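In the working numbering, the protein residues as written are 5 to 298.
Ideal placement from N, C-alpha and C gives every residue a C-beta, glycine not left out.
Since this is a predicted model, take the numbers as computed values, not measurements.
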Amino acid sequence: VLVTAGAQQAFDILARSLVRPGETVVAIEDPGYPPMRVAFAAAGARLVPVPVDQEGLIVEQLPSDAGVICLCPSHQFPLGASMTMARRRALLEFAHRHGAVVIEDDYDGEFRYDGNPLEALHAADRHDLVFYVGTFSKSMLPALRLGFVVAPAWALPAMIAVKNCLDWHCPSWVQAGVAEFIAAGHLTRHVRRMRNVYRGRRQFLMKALTQNFGRWLSPIPSSYGMHLAAIAKPGVDCDLLAQALARRNIRIHSLRRFYFGQPIENGLIFGYGAADQQQLEQGLVALHDELGSL
Ligand SMILES: Cc1ncc(COP(=O)(O)O)c(C=O)c1O
Numbered sequence: 005v006l007v008t009a010g011a012q013q014a015f016d017i018l019a020r021s022l023v024r025p026g027e028t029v030v031a032i033e034d035p036g037y038p039p040m041r042v043a044f045a046a047a048g049a050r051l052v053p054v055p056v057d058q059e060g061l062i063v064e065q066l067p068s069d070a071g072v073i074c075l076c077p078s079h080q081f082p083l084g085a086s087m088t089m090a091r092r093r094a095l096l097e098f099a100h101r102h103g104a105v106v107i108e109d110d111y112d113g114e115f116r117y118d119g120n121p122l123e124a125l126h127a128a129d130r131h132d133l134v135f136y137v138g139t140f141s142k143s144m145l146p147a148l149r150l151g152f153v154v155a156p157a158w159a160l161p162a163m164i165a166v167k168n169c170l171d172w173h174c175p176s177w178v179q180a181g182v183a184e185f186i187a188a189g190h191l192t193r194h195v196r197r198m199r200n201v202y203r204g205r206r207q208f209l210m211k212a213l214t215q216n217f218g219r220w221l222s223p224i225p226s227s228y229g230m231h232l233a234a235i236a237k238p239g240v241d242c243d244l245l246a247q248a249l250a251r252r253n254i255r256i257h258s259l260r261r262f263y264f265g266q267p268i269e270n271g272l273i274f275g276y277g278a279a280d281q282q283q284l285e286q287g288l289v290a291l292h293d294e295l296g297s298l
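Here's what the structure looks like:
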C-alpha cells in the first residue's frame, strides 16, 4: 500500500509510472472523472474514451492496444452504474489477454445503500494487474488530502520513487492521526452514521425528482455515493440551467462537462454530500423555477 495525497496524487503517480509519453494508450470511461484523465494526459498518454451503459464500462469497446484501463467499477462516475459481475470478468480477461493494467478508482465505495459494499475488482485479480485506488475524501474530508493505492508488488518500487520525487511522503502526523482514528473505531462509526444521513438525502432527492420533475428529467437509480445523475428530456439545455443556477449561488453540474468525446447524454448531476435537506429543497425550488421558465 502506498499512501498518497488523495486519489489525485495516486493517479499522478500511476500515470508517471505506467505511461510511455506518446505511446501508451489509456482507456477512460466516457463520461468520466475529468481530474483523473488530466493526470494521464499530463504524462503524455494517448487517451481513448470508452462508453458506459447501465452495466458499467462496455468492455467490447475497449481498444485492443489499451495499456492502461481506468474505471470506477463500484459506482461509475458520474452516471452511477455498478459494474456487473459478467463485465468485471470480461474486463479482467481482456486486460490479461492484452497485457493491460487496470486502475480501479473506488472513491465512495463506503457508501452503499442497498447492502454491504461490493467486493473490489482488485479482489478478483489473479494476475497482479489491478491497482486499487482509495481515498479518505468522501469517507472523511477532502481537505485531509489522503488516499492510497493497493498496488501489485512489481510496480511498487517505481511508484515509491515517484512519490519520493514529488513530496517524499504525506505528513506523518496526519497519517498517524488518521491511523489512530481508524484503530479506535471512529471511522467505522462515522461512516455508519453518515451513510444514514446520505441515504436520507438521497431518498429525498430521488422522490422529489421523480414526483416533481418528471416532465424534464429522468433520474438514474444507483445504490452508492453522494450524487445522483438525471437524464434530461429533449429541449432542456442543462448547460444553460447550470449557469442560471450558479447565478443564484446553487452549484449543479451539467453532465456534458464530464464527457471527453462527443457528449451522448444531456443531463444534470446532483451532489448531496455537502448540502443538507433544507439546502437541497431550496436548490430544487430554484431548479423548478428555471425549468418552468424554459
Ligand atoms: C470519481 C472520483 N474519483 C476520485 C475522487 C477523489 O479525489 P481526491 O481523493 O483526490 O480528493 C473523487 C472526488 O470527488 C471522485 O469524484
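Three-state secondary structure assigned by DSSP to residue i
| i | result |
| --- | --- |
| residue 28 | coil |
| residue 73 | strand |
| residue 296 | helix |
| residue 214 | helix |
| residue 22 | helix |
| residue 97 | helix |
| residue 110 | coil |
| residue 324 | As displayed, the chain neither begins before 5 nor continues past 298, which places residue 324 out of reach and without an answer. |
| residue 130 | coil |
| residue 202 | helix |
| residue 288 | helix |
| residue 209 | helix |
| residue 194 | helix |
| residue 125 | helix |
| residue 102 | helix |
Cα-Cα separation, residue i to residue j
| i | j | result |
| --- | --- | --- |
| residue 222 | residue 174 | 42 Å |
| residue 195 | residue 202 | 10 Å |
| residue 200 | residue 68 | 42 Å |
| residue 253 | residue 94 | 44 Å |
| residue 144 | residue 206 | 19 Å |
| residue 35 | residue 82 | 7 Å |
| residue 280 | residue 113 | 21 Å |
| residue 177 | residue 296 | 52 Å |
| residue 121 | residue 84 | 14 Å |
| residue 134 | residue 156 | 7 Å |
| residue 8 | residue 42 | 17 Å |
| residue 210 | residue 219 | 15 Å |
| residue 73 | residue 193 | 34 Å |
| residue 243 | residue 257 | 8 Å |
Nearest residue (CA-CA) to residue i, options the options
| i | options | result |
| --- | --- | --- |
| residue 282 | 228, 295, 212, 270 | 212 |
| residue 106 | 129, 118, 85, 112 | 129 |
| residue 183 | 48, 135, 140 | 140 |
| residue 276 | 255, 270, 263 | 255 |
| residue 49 | 92, 237, 32, 214 | 32 |
| residue 10 | 70, 110, 29 | 110 |
| residue 63 | 51, 44, 41, 88 | 88 |
| residue 217 | 234, 51, 57 | 234 |
| residue 146 | 12, 293, 298, 61 | 12 |
| residue 115 | 226, 263, 287 | 226 |
| residue 124 | 131, 148, 132, 108 | 108 |
| residue 17 | 54, 152, 70, 102 | 152 |
| residue 28 | 86, 14, 103 | 103 |
Host beta strand (DSSP E) of residue i (start-end)
| i | result |
| --- | --- |
| residue 231 | 231-236 |
| residue 251 | Unbroken run through residue 251 is the alpha helix (DSSP H), 242-251; no beta strand (DSSP E). |
| residue 222 | 221-223 |
| residue 6 | 6-8 |
| residue 181 | Here residue 181 belongs to no beta strand (DSSP E); instead the alpha helix (DSSP H) covers 176-187. |
| residue 153 | 151-154 |
Alpha helix (DSSP H) segment containing residue i, residue limits
| i | result |
| --- | --- |
| residue 4 | This structure leaves residue 4 out entirely; the chain is present only between 5 and 298. |
| residue 165 | 160-171 |
Per DSSP, the bridge partner or partners of residue i
| i | result |
| --- | --- |
| residue 41 | Partner(s): none; residue 41 has no beta bridge. |
| residue 139 | 151 |
| residue 263 | Answer by DSSP bridge pairing: none, since residue 263 is not bridged. |
| residue 228 | 116 |
| residue 33 | 54 |
Closer than 8 Å: residue i CB and nearest ligand 3 heavy atom
| i | result |
| --- | --- |
| residue 109 | As far as ligands go, the structure on display features ligand 1 and does not contain ligand 3. |
Min CB distance residue i to chain D below 9 Å
| i | result |
| --- | --- |
| residue 152 | Of the protein chains in the structure, only one exists, and it is not chain D. |
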